[in-house]
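Numbering (the numbering used here), first residue to last: 5 to 474.
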Amino acid sequence: MGSLTAELGATLGDIQMATTVFSLIAGAFMIAGGLIGVTIGLRRTMRIGLALAVLGEVVAACAFHIAVLTWGGRVLMGVGACLVTPSVLGLVAALYEGRRRAVAFGAIAGAAALSTLSPIVLGAIMDAAGFRVTFAVLAAYFALVLGTTALLPASAPQAGRKRFDVAGMAVAAAGLTLFLLGTSRLSTWGVVFPMAGCPFTVAGLSPAGPLMAAGLLLLALLVPIERAAEAAGGALIPRSYLASPAVRSGLLAVAMPFFFMGAQGILITPYLMLVAGFSAMQSGMLSLLSGIPMFCLATFLPKLAPRLSSRLIIRIGLAAIVAACLLMALGVEQDAVGAALFAGTMLGGIGVGAVNSQANNAVASAVRGRDAEQSGGIQGAARNIGLALGTAVGGTCLLLAMATLFASGAAEASIAGDLVRTAAEQGSTLMGPEAFAELAATWGAAPADGAALAAIHSQAQADALRLTFG
């Protein structure tokens, strides 16, 4: 972040926008990526996606302005991601059957677990050499992966595909974009009433809810659109996905670990860095506690325990995630964290690894071969929706709980109402007591009132984090 600010003049909002643009594009077109794969061939689609990823990283490395990085590099990366992810999952469904397919999906889930450790390596590169070298390294990595696709067998387009479902793709992309945009802005624009900094309102209300509602309405329109497209042999969402309870349950299992990881990311990392005083490297090292067991279970469980019921493993994994949330709640302390939080992080990695070892295969095995190959798109969309919802729900619950607890604590302390209102509006974010006291001084608070408000804020944010996890 420092090098982006120094070389490109990027603000925190600019960097958040770059992240949001990638997530929105990757999420909005992920389902379409699955259909493109079976229409023009999975290997070809994967190669196109990887080529776009290489180009996107090169554009980002050479960017002379943050707008070029955002609307050039990140857009290309988002489009590349929505082609690569469905193709990888579709190739597994196309190339393997039975136990071999389960093991292959486990290996893919293990690779995804390893990617959670990449911020440690990339963060070290960025600190040492800057963002341009970091993006160049990523470009070289994607180029290497692109070269290895020559080892994959060629996959011909599926027979019977008469046309591409353009209408379905447009409606799905628009619906997912609106829903994900509204979801991602719940904690910054407000759930019902607009918060400070909200760019516009809808009938005096926060636009986040209406955007989500409009997105869901468009997604509901997909049902009749896809019924018509099914007859033409090119449906974006085949009827078998909607009609099969096993597919619906499998997609929920795909989404839930990402919901947990989204909530964990928006809650734990900021608390560690802004409140508990952890460095970026120390916070990144925490990912080892979850990433290592996640990788081991996702990769080796399908191979070492092939006779265990997938449903049982998924249920045990989800139970472990619930228990992990309770442990992390116990580990939150005022301006610090305890051992229970680290134990919960590890248990969460175990739960996510167990679920991910089975969920993708559960979806692909619930439909026939042609639809199984296309299912990578809807599985990728389930991941993105789960991640976005987890981030939004976690962040929104934390802010609402903080505001309520802070107002209650300030009322009991008999602090001036104007000062409390200012603190509630401008101080509703995670920060240490010293930083909050300094902020209170800018509002004209006396040192005693500032110290009292800082203590109330510290207690409120710790209690709010416990409530959100619990």
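Think of the CB as a built atom: it goes at the ideal place given N, C-alpha and C, for glycine as much as any other residue.
Buried/exposed call for residue i, threshold 16 Cβ in 10 Å
i           : result
residue 203 : exposed
residue 306 : buried
residue 63  : buried
residue 453 : buried
residue 451 : exposed
residue 143 : buried
residue 438 : exposed
residue 422 : exposed
residue 250 : exposed
residue 247 : exposed
residue 416 : exposed
residue 377 : buried
residue 370 : buried
residue 155 : exposed
residue 74  : buried
residue 208 : exposed
residue 387 : buried
residue 67  : buried
residue 445 : exposed
residue 89  : buried
residue 39  : buried
residue 228 : exposed
residue 310 : exposed
Cα-Cα separation between residue i and residue j, rounded to whole angstroms
i           : j           : result
residue 332 : residue 355 : 14 Å
residue 313 : residue 188 : 35 Å
residue 330 : residue 337 : 14 Å
residue 411 : residue 100 : 58 Å
residue 199 : residue 401 : 15 Å
residue 344 : residue 190 : 29 Å
residue 322 : residue 357 : 10 Å
residue 78  : residue 71  : 10 Å
residue 295 : residue 210 : 37 Å
residue 441 : residue 153 : 56 Å
residue 269 : residue 472 : 13 Å
residue 425 : residue 350 : 39 Å
residue 214 : residue 34  : 23 Å
residue 368 : residue 443 : 53 Å
residue 83  : residue 253 : 28 Å
residue 173 : residue 240 : 7 Å
residue 95  : residue 117 : 19 Å
residue 109 : residue 353 : 18 Å
residue 324 : residue 104 : 26 Å
residue 150 : residue 168 : 26 Å
residue 182 : residue 175 : 11 Å
residue 222 : residue 339 : 44 Å
residue 44  : residue 385 : 20 Å
residue 375 : residue 408 : 48 Å
residue 212 : residue 226 : 22 Å
residue 467 : residue 272 : 13 Å
residue 399 : residue 276 : 15 Å
residue 448 : residue 427 : 11 Å
residue 406 : residue 458 : 13 Å
residue 135 : residue 102 : 43 Å
Own chain partners of residue i with C-beta closer than 8 Å, once the 5 adjacent residues on each side are dropped
i           : result
residue 91  : 37, 41, 46, 47, 49, 50, 53, 380
residue 243 : 230, 231, 234
residue 372 : 244
residue 346 : 290, 293, 335
Beta-carbon contacts of residue i that lie in its chain and below 6 Å, excluding the five residues immediately before and after
i           : result
residue 278 : 434, 435
residue 318 : 257, 359, 362
residue 80  : 56, 59, 60
residue 124 : 288
residue 404 : none
residue 26  : 78, 81, 82
residue 11  : none
residue 120 : 291, 295
Identified DSSP bridge partners for residue i
i           : result
residue 340 : 337
residue 206 : 209
Integer Cβ distance of residue i from residue j, believed to fall under 8 Å
i           : j           : result
residue 414 : residue 382 : Wrong, their Cβ atoms sit about 47 Å apart, outside the cutoff.
residue 392 : residue 31  : 7 Å
residue 139 : residue 65  : 4 Å
residue 394 : residue 262 : 7 Å
residue 341 : residue 280 : 5 Å
residue 259 : residue 389 : 6 Å
residue 365 : residue 106 : 5 Å
residue 216 : residue 186 : 4 Å
Contacts around residue i, its chain only, beta-carbon distance under 7 Å, and the 5 residues preceding and following it disregarded
i           : result
residue 224 : none
residue 274 : 434
residue 114 : 299, 302, 303
Residue i CB to nearest heavy atom of the ligand PLP below 7 Å
i          : result
residue 84 : With respect to small molecules bound, the structure shown includes none, and the ligand PLP cannot be examined in it.
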